[in-house]
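**Q** I'd like to ask some things about the structure below.
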Amino acid sequence: MYETRILPVSDPDSLGRFRLSTSTSSSATSLDHWDATESAPGLDALVTAANHIRKTDVPVGFPTETVYGLGADATRSGAVRGIFSVKGRPSDNPLIVHVCDLDMLRELCGTELPDIYRPLVERFWPGPLTILLPVPQTSKYTLAPEVTAGLPTFGARLPASPLTRTLIRLADAPLAGPSANASTRPSPTTAQHVVDDLNGRIEVVLDGGACGVGVESTVVDGLCNPPVILRPGGVSLAELRSVPGWERVERAYNDVAHGGNAQNDAKAQKTEDELKPRAPGMKYKHYSPKARVVLYEGGKTPTRTQEALIKDIESAGQEAAVVGVVRTTTWPALASALDKATTTTNGTVAGGLTENGDGVTYHLETYSLPSGPKVLELDLGRDLSSIAHGLFSSLRDLDARGAEVILIEGIDDGGDDLASAVMNRLRKAASEVR
Numbered sequence: 000m001y002e003t004r005i006l007p008v009s010d011p012d013s014l015g016r017f018r019l020s021t022s023t024s025s026s027a028t029s030l031d032h033w034d035a036t037e038s039a040p041g042l043d044a045l046v047t048a049a050n051h052i053r054k055t056d057v058p059v060g061f062p063t064e065t066v067y068g069l070g071a072d073a074t075r076s077g078a079v080r081g082i083f084s085v086k087g088r089p090s091d092n093p094l095i096v097h098v099c100d101l102d103m104l105r106e107l108c109g110t111e112l113p114d115i116y117r118p119l120v121e122r123f124w125p126g127p128l129t130i131l132l133p134v135p136q137t138s139k140y141t142l143a144p145e146v147t148a149g150l151p152t153f154g155a156r157l158p159a160s161p162l163t164r165t166l167i168r169l170a171d172a173p174l175a176g177p178s179a180n181a182s183t184r185p186s187p188t189t190a191q192h193v194v195d196d197l198n199g200r201i202e203v204v205l206d207g208g209a210c211g212v213g214v215e216s217t218v219v220d221g222l223c224n225p226p227v228i229l230r231p232g233g234v235s236l237a238e239l240r241s242v243p244g245w246e247r248v249e250r251a252y253n254d255v256a257h258g259g260n261a262q263n264d265a266k267a268q269k270t271e272d273e274l275k276p277r278a279p280g281m282k283y284k285h286y287s288p289k290a291r292v293v294l295y296e297g298g299k300t301p302t303r304t305q306e307a308l309i310k311d312i313e314s315a316g317q318e319a320a321v322v323g324v325v326r327t328t329t330w331p332a333l334a335s336a337l338d339k340a341t342t343t344t345n346g347t348v349a350g351g352l353t354e355n356g357d358g359v360t361y362h363l364e365t366y367s368l369p370s371g372p373k374v375l376e377l378d379l380g381r382d383l384s385s386i387a388h389g390l391f392s393s394l395r396d397l398d399a400r401g402a403e404v405i406l407i408e409g410i411d412d413g414g415d416d417l418a419s420a421v422m423n424r425l426r427k428a429a430s431e432v433r
């Protein structure tokens with residue numbers, strides 16, 4: 000057991016800057032080289048974390064713009080195995096590799112990026128997009144085999160967070176970095192979420208505030224024709240299709256709403272190699288709170304009336320003393336229709352009751368049905384970005400408040416927005432889909 004420390008970083012934007020590389024690359028861009036600053040608030044914390052990454056096999060918690068990651072030197076097997084051990088993650092689930100700039104990615108690949116990815120990099124990097132690349136045979140950095148889980152490809156990402164890029168620069172190695180949660184739990188979007196899951200298992204968590212996106216990166220494979228999305232995330236299908244060479248990009252993730260089902264009979268006919276996940280999040284149950292989650296498919300299930308929802312809550316109350324209800328776009332507010340003693344608060348992802356502009360703020364009402372359980376009714380708002388931003392936080396908060404069953408209103412993911420990412424995560428979290 001370790002003493003887990005949270006190290007605050009007060010001004011992440013002051014930690015470094017991009018500059019053109021001094022290399023003779025024919026594809027030089029403004030993202031070539033990231034220089035860490037020599038002096039800035041919080042830099043000492045990053046130096047401590049980077050030294051930890053270089054000298055130990057215990058991973059470090061760190062923030063990105065998507066979710067908090069669990070970082071280790073991607074070139075050392077012992078360090079990468081530390082990630083799997085701390086998370087309880089299956090060893091056949093590959094890890095995404097984070098780089099601080101394009102120079103580091105070129106040194107990792109041993110060559111220039113494939114042409115298909117160049118317009119994506121120009122449009123979406125640094126940002127929530129992961130690209131699949133061939134595992135290099137010879138390069139400055141040799142990836143530990145545990146990173147790729149035996150696959151001939153690996154996922155690479157240039158994060159938008161200056162804190163993450165500076166940490167990588169100071170560690171002087173690409174970082175393998177899955178989400179910093181216990182395996183199957185909701186992804187963490189604050190430093191405290193990391194501690195809630197991994198306290199005693201790791202020593203250092205860098206605190207750069209709440210994450211801005213709230214769901215993980217989109218993972219794409221441009222090495223096949225047509226290119227495909229392996230995991231939906233912060234970059235939408237419509238955005239990808241607006242980029243030259245990606246007009247025909249298709250969905251290839253295993254999602255019931257898009258023609259796939261991980262539990263169907265065809266699975267039994269596939270070989271072991273075919274069942275290997277090509278990207279994180281494709282195979283295993285993820286993002287689940289301790290509570291049993293009942294998901295109502297958005298855009299397919301008719302809007303629930305107050306009466307129908309109350310009946311569903313009463314039914315859930317037969318197995319749970321506390322029921323959570325997460326509203327998004329159409330479900331009516333229940334509290335106003337009930338005769339109850341209610342407590343209304345503005346909760347934040349940090350678990351307090353004070354509004355925090357850096358976090359996710361939502362509306363929570365607590366009450367009891369006349370003949371039923373205690374109800375925690377949480378409204379994520381109607382805006383898609385706020386729903387995505389608050390998704391994991393709401394699941395964790397309802398867990399912390401004692402919910403044993405959570406009823407969640409899904410959203411219509413027929414469009415090309417973050418909705419696909421939100422529903423992909425919810426389907427993987429759900430114990431039951433209605």
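Be aware that the sequence shown starts at 0, since it is given in numbering that gives the first Met the number 0, and climbs by one per residue.
The C-beta atom is built at its ideal place from N, Cα and C for all residues, glycine as well.
(1) Given S287, which residues of its chain have a CB within under 6 angstroms of its CB, disregarding the five upstream and five downstream residues?
(2) Tell me, to the nearest whole angstrom, how far the beta carbon of L375 is from that of T365; I am working on the premise that it is less than 8 angstroms.
(3) Would you mind sorting L352 into buried or exposed? The rule is 16 or more other CB atoms within 10 Å of its CB.
(4) How long is the line joining the alpha carbons of L377 and E64, rounded to whole angstroms?
(5) Under 8 angstroms, do L157 and L45 count as touching if we go by C-beta distance?
(6) Span of the alpha helix (DSSP H) holding P151?
(7) Check D171 in the structure and name its three-state DSSP category.
(8) By Cβ distance, which residues of its chain are closer than 7 angstroms to A418, with the 5 residues on each side in sequence left out?
(9) Are P231 and Y252 closer than 8 angstroms when you measure CB to CB?
(10) Once the 5 residues before and after D206 are set aside, which same chain residues still bring their CB inside 6 angstroms of it?
(11) Go to K289, then tell me how far its alpha helix (DSSP H) extends in each direction, as first and last residue.
(12) Report buried or exposed for D114, applying the criterion of at least 16 other Cβ atoms within 10 angstroms of its Cβ.
(13) Determine the extent of the alpha helix (DSSP H) in which R53 is found, giving its start and end residues.
(14) To which residues of the same chain is D33 closer than 7 angstroms at the C-beta, ignoring the five residues directly before and after it?
(15) Tell me the DSSP secondary structure of E313 in three-state form.
(16) Return the bridge partner residues of G68 from the DSSP annotation.
(17) Could you work out which residue in P40, G77, G68 is closest to D56 when comparing CA atoms only?
(18) Using three-state DSSP, classify S430 as helix, strand or coil.
(19) For I115, decide whether its Cβ has a neighbour in chain D, counting only Cβ atoms nearer than 8 angstroms.
(20) Kindly indicate which three-state DSSP category T343 falls into: helix, strand or coil?
(21) What residue range is occupied by the uninterrupted beta strand (DSSP E) comprising G15?
(22) Residues in its own chain within less than 7 angstroms of E106 by CB, not counting five upstream and five downstream?
(23) Within 10 Å of its beta-carbon, does S235 have 16 or more other beta-carbons around it, so buried, or fewer, so exposed?
(24) Using 8 angstroms as the threshold, is the C-beta distance between L406 and V293 below it?
(25) Tell me whether T302 is buried or exposed, calling it buried when 16 or more other Cβ atoms sit within 10 Å of its Cβ.
(26) Go through its chain and collect everything with a Cβ distance to V79's Cβ below 6 angstroms, but skip five positions before and after it.
(27) K139 by DSSP, collapsed to three states: which one?
(28) Taking D102 and S13 to be in contact with their CB atoms under 8 angstroms, please state how far apart those CB atoms are, rounded to whole angstroms.
(29) Using 8 angstroms as the threshold, is the C-beta distance between V322 and A315 below it?
**A** Checking against the coordinates, here is how it stands:
(1) The beta carbon of S287 is closer than 6 angstroms to those of T183, A428 in its chain, skipping five residues each way along the sequence.
(2) The Cβ separation is near 6 angstroms, so the contact holds.
(3) A caution first: L352 carries a pLDDT of 31, below 50, which makes its placement in the model too unreliable to give a value.
(4) Straight-line measurement puts the Cα of E64 at about 24 angstroms from the Cα of L377.
(5) No, the Cβ-Cβ distance between L157 and L45 is not below 8 angstroms.
(6) The continuous stretches of alpha helix (DSSP H) do not include P151, and DSSP gives it neither H nor E.
(7) DSSP places D171 outside both helix and strand once states are collapsed to three, so it counts as coil.
(8) The answer, listed in chain order, is L383, I410, D411, D412.
(9) Yes.
(10) In chain order, I5, P7, A190 place their CB closer than 6 angstroms to the CB of D206, counting only its own chain and leaving out the 5 sequence neighbours on each side.
(11) Annotation: K289 is outside any alpha helix (DSSP H) and is labelled neither H nor E by DSSP.
(12) Per the 10 Å Cβ criterion, exposed.
(13) Where R53 is concerned, the enclosing alpha helix (DSSP H) stretches over 42-54.
(14) Position check: residue 33 holds Trp in this sequence, whereas Asp was assumed. G15, F17, C99, D100, R164, R168, listed in sequence order.
(15) When DSSP states are grouped into helix, strand and coil, E313 belongs to the helix group.
(16) Answer is F61, S178.
(17) Answer by Cα proximity: G77.
(18) S430 falls in the coil class under three-state DSSP.
(19) This model lacks chain D altogether, as it is built from one protein chain only.
(20) Note on T343: pLDDT 39, under 50, position unreliable in the model; no value is reported.
(21) Where G15 is concerned, the enclosing beta strand (DSSP E) starts and stops at 15-18.
(22) Counting only Cβ-Cβ distances below 7 angstroms, and skipping sequence neighbours, we find S138, K139, Y140.
(23) Classification of S235: buried, given that the 10 Å Cβ count is 16 or more.
(24) A contact, by the Cβ cut-off of 8 angstroms.
(25) Counting of Cβ neighbours within 10 angstroms places T302 among the exposed residues, the total staying below 16.
(26) Only A71, A143, E145, V146, A175 meet the Cβ criterion.
(27) Reduced to three states, the DSSP call for K139 is coil.
(28) Between D102 and S13, the beta carbon gap of about 22 angstroms keeps them out of contact (Cβ cut-off 8 angstroms).
(29) By the CB criterion at 8 angstroms, V322 and A315 fall inside the cutoff.
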